[in-house]
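Below: the structure, in structure tokens.
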Amino acid sequence: MKYKIIVLVVLLVMGSLLHCHDWLGSDKIAHFGSSMFLTCYTTGFSRDIMGESRDNSYYLGVGMTLSLGLGKEGFDRYIQNEKWSWEDLAWDLAGIACGLVIINNQIME
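The sequence shown lines up with residues 1 to 109 when you count with my numbering.
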């Protein structure tokens, strides 16, 4: 799984260099870090505090984080009249994947 994360990050960097998109903008690290944190926190909370199964905890962590990322992009697009950023969502997904790797190494069954 860790090799998939490395490949994803390399592809994101290559995409930014080849297509000159805003893949490495100033807010991308915030998208990555907040998605990673929210995935770890929500999954851990669901597992440790709520007593959910490992799979249900993963679903809740990914679902909550992805919903917040999509909601933020919807807010940017329809409320603030800015562009929908697929790059932000890609960094959100990379953060979710990294968060799952971290939390998977913490939950032992």
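Note that the Cβ used here is the ideal one computed from N, Cα and C, for glycine as well.
Keep in mind that this is a model prediction, so the values were computed, not measured.
Asked: Coarse secondary structure for I49, derived from DSSP in three states; Found: coil
Asked: Same chain only: Cβ atoms within 7 Å of T42, ignoring 5 sequence neighbours per side; Found: L60, G61, M64, T65
Asked: Residues near L70 in its chain [Cβ-Cβ closer than 8 Å; skip 5 each side]; Found: L89
Asked: Backbone secondary structure at K28 - three-state DSSP; Found: helix
Asked: Closest by C-alpha distance to A97, when choosing among T39, S26, N105; Found: T39
Asked: Start and end residues, alpha helix (DSSP H) containing D55; Found: 54-74
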